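Residue numbers (the UniProt record's numbering), protein chains in the order written: chain A, 1 to 360; chain B, 1 to 360.
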DNA sequence: CTGAAAGCGCTTACAG
DNA sequence: CTGAAAGCGCTTACAG
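Written out as structure tokens, the structure reads:
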């Protein structure tokens, strides 16, 4: 019986299953580093997080062990423990082609990237156009993958918004979000005042039959810029003629189409205020084809002062909004919201830039 | 004393400290759902992951409990347990302005987004231009935040590459990565053959003094397209004249500058093969200004068949590469690499598209 | 079909 | 200054 027992034990010394794990050699963990450095893994963690109360020798030993083992922290474990991911999503909900064509977007992205970088946060860009993408994106964001979301050009009807809001994801939008003003913080240019100043400039220049091509009416920018237009007309006792108002979607093609409609419906127009530079740019060739000179017969003013404006023929008068300031404020505000502060909405002033399409 | 005691107990019924946690009301966990549904949390997990061996009643109870509690899974915990994040990074290392202007990029991105979506993977777009961004990005990727990386237009000298490779992050590049052919999988158009076919077309059309504006020589595409050019010349007994070769960076400005240099250094040229449509587009106005007619005096052929090509004046002959196929293969290959398969490099054929800038 | 338990790799009070 | 231990919220064999 004793021998039998002895025999039974033996097999455990020759494991049938190989000890090494799956093909992809396991990444070293904090424990491997600790063993290598001869300290506890709590100390390794302290060094990793640059916390105080660690002796210089320990720091050095850990540093060396880290390079020897090629250790990199597992971000998922870290995030699970801390509740923070260290990354921020820059979420695009427009069809992508509109955005990439839009120089504003590029400038905003650059500014946000810089502001985030200064705060040691990682920028993640997500595009949610198709329904599947939107679902997956919501799950991703609501799942805590990121600490907060920067929203670009949100449309008010978008179901994505309510999902994000009810998941209590910290959000800051570029432009007020219609219907969510109380729940979603935002940073926006003073679109209404900017549009008004543009139209008042046209009135001062003698124009009396001013048309407008608006932005989408489910965005705050689209609505506010139209308000600014009517504000100016009303303030100067000019009628607001529906025939002189057409709706666009910010993009060039909609600007060209809008201009054609205007020429047909309101052929006596003497100025056009387009709610974006892209739409304003598209009016130029249409006006030329129709035999109207800019600014001689028709003055044109855009909005954005995008890179495009100055390069057009003629160079475009437009309303400038300080995108660098906007991106900076968006990030600052988002960190506040993440820290638990109540939503806020910030408005930054615009300025009128006059060029040949409607000189002073 | 007894009364005293009674008094002492009372306060515990009116807790001084509020029971609710920090401002950000704690998210419900799998345990909350389990309690609500009256099952173990292992069962909740099974339902969540759509695994078998769960009774219909349990499934229903859990589903209801999930909506009642507003539960969303904590992705970090899930990733820590599974070792998978369910997301893929689309990494851009070019200065951003170049990419957003490039229609190819947009098409590629769209294709990748679709292919990823089909596989239930989330697309994360990351831009690493500045040194800080690059460091943060490497840390993010090496930290296991994503399951794999799709690399666009990588330049061979980029230190990012070696970091990613040594961190054993699964990578698939668009275009071979010079110096990393064995370690980084790639999907690329057959740049060399494509370029050769373009130049052979020019030769067949009677051109004998063919110049070229190349792409960057630290990218495989740049090198291969130049090789294709010399291949064709050599095969037809034509000399390769250094004066007829200038280097560009894919972008329009470099194409315009390159064309000016060529007109000076090799004024007798009768054709130009530009390694990108953007550069080819930029040659057109320069040639016109110099009084050369296209295609009468100088034929022009580009590469990419970007949206741009057909809209130019004259419409541009160019080499088309099937970006939809490339994006699809990149994603498929990446899933293979993630699964542990060895690196591979895939080449897809191109086709010549003839338009007025160099008709048949 | 279901539950108890171990484990993923960290961070962070809590005691020394 | 440092270590042992609990806990973050899941998944997944392992027993029933």
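For glycine and all other residues, C-beta sits at the position ideal for the given N, C-alpha and C.
Bear in mind the structure is a predicted one, so any value in this text is a computation, not a measurement.
Query                                                                                                                                                                                                           : Result
Pull up the distance between the alpha-carbon of residue 73(B) and that of residue 32(B), whole angstroms please.                                                                                               : 12 Å
Could you check whether the stretch 262-281 of chain A touches the stretch 237-254 of chain A, counting it as contact only if at least three pairs of C-beta atoms, one from each stretch, sit closer than 8 Å? : yes
Determine, for residue 23(B), whether the minimum Cβ-Cβ distance to residues of chain A falls below 7 Å.                                                                                                        : Caution applies to residue 23(B), whose pLDDT of 38 falls short of 50 and renders its modelled position unreliable; the value that the coordinates give is listed next. Yes, its Cβ sits closer than 7 Å to a Cβ of chain A.
As an exercise, report each continuous beta strand (DSSP E) stretch of at least 3 residues that is fully enclosed by the stretch 174-261 of chain B, in chain order.                                            : 185-189, 210-214 and 245-247
Is the stretch 193-213 of chain B touching the stretch 173-182 of chain B, taking contact as three or more C-beta pairs under 8 Å?                                                                              : no
What's the gap between the Cα of residue 186(A) and the Cα of residue 41(B)?                                                                                                                                    : 39 Å
Please confirm whether residue 132(B) has its beta-carbon closer than 7 Å to some beta-carbon of chain A.                                                                                                       : yes
Given residue 231(A), which residues of its chain have a CB within under 6 Å of its CB, disregarding the five upstream and five downstream residues?                                                            : 196
Which residues in chain A have a C-beta closer than 8 Å to the C-beta of residue 74(B)? List them in chain order.                                                                                               : 80, 143 and 144
For a contact defined as C-beta to C-beta under 8 Å, what are the partners of residue 125(B) on chain A?                                                                                                        : 124, 125, 126 and 127
Helix, strand or coil: which one does DSSP assign to residue 299(A)?                                                                                                                                            : strand
Residue 87(B) touches chain A at which residues, Cβ-Cβ below 8 Å?                                                                                                                                               : 140 and 145
Going by C-alpha distance, which of 50(B), 246(B), 205(B) and 64(B) is nearest residue 395(B)?                                                                                                                  : What the structure shows of chain B is the stretch from 1 to 360, and residue 395(B) is not part of that stretch, so it cannot be assessed.
Rounded to a whole number of angstroms, what is the C-alpha to C-alpha distance between residue 39(A) and residue 81(A)?                                                                                        : 21 Å
Are there 16 or more other CB atoms within 10 angstroms of the CB of residue 217(B), so buried, or fewer, so exposed?                                                                                           : exposed
When you compare each of 168(A), 174(A) and 87(A) to residue 153(A) by their alpha carbons, which one comes out closest?                                                                                        : 174(A)
Pull up the CB-CB distance for residue 128(B) and residue 91(B), whole angstroms please, since I reckon it's below 8 Å.                                                                                         : 7 Å
How big is the Cα-Cα spacing for residue 283(A) and residue 242(A)?                                                                                                                                             : 19 Å
Go through its chain and collect everything with a Cβ distance to residue 234(A)'s Cβ below 8 Å, but skip five positions before and after it.                                                                   : 240
With a cut-off of 8 Å on the beta carbons, I'd call residue 302(A) and residue 309(A) a contact; round off their distance for me.                                                                               : 6 Å
Start and end of the alpha helix (DSSP H) containing residue 307(B)?                                                                                                                                            : 307-311
List, in order along the chain, the chain B residues whose C-beta lies closer than 8 Å to that of residue 117(A)?                                                                                               : 130, 132, 133 and 136
Alpha carbon to alpha carbon, what distance is there between residue 315(B) and residue 355(B)?                                                                                                                 : 6 Å
In whole angstroms, give me the CA-to-CA distance for residue 214(B) and residue 167(A).                                                                                                                        : 51 Å
Give the single residue among 305(A), 261(A) and 134(A) whose Cα lies nearest to the Cα of residue 287(A).                                                                                                      : 261(A)
Just list the residues that DSSP pairs residue 54(A) with in beta bridges.                                                                                                                                      : The partner list for residue 54(A) (beta bridge, DSSP) is empty, contrary to what the question assumes.
Cα-Cα, which of 117(B), 110(B) and 349(B) is closest to residue 86(B)?                                                                                                                                          : 117(B)
Please check the pair residue 28(B) and residue 93(B), which I expect to be a contact at CB under 8 Å, by giving their CB distance rounded to whole angstroms.                                                  : With a Cβ gap of about 40 Å, residue 28(B) and residue 93(B) do not count as contacting.
Which word fits residue 312(B), buried or exposed, when buried means at least 16 other C-beta atoms lie within 10 angstroms of its C-beta?                                                                      : buried
Look up residue 263(B) in the DSSP assignment and say whether it is helix, strand or coil.                                                                                                                      : helix
Taking only beta-carbon positions, decide if residue 257(B) is within less than 7 Å of chain A.                                                                                                                 : no
Using the three-state DSSP reduction, which class does residue 22(A) fall into: helix, strand or coil?                                                                                                          : Note that residue 22(A) scores a pLDDT of 36, beneath 50, so its modelled location is shaky and nothing firm can be said.
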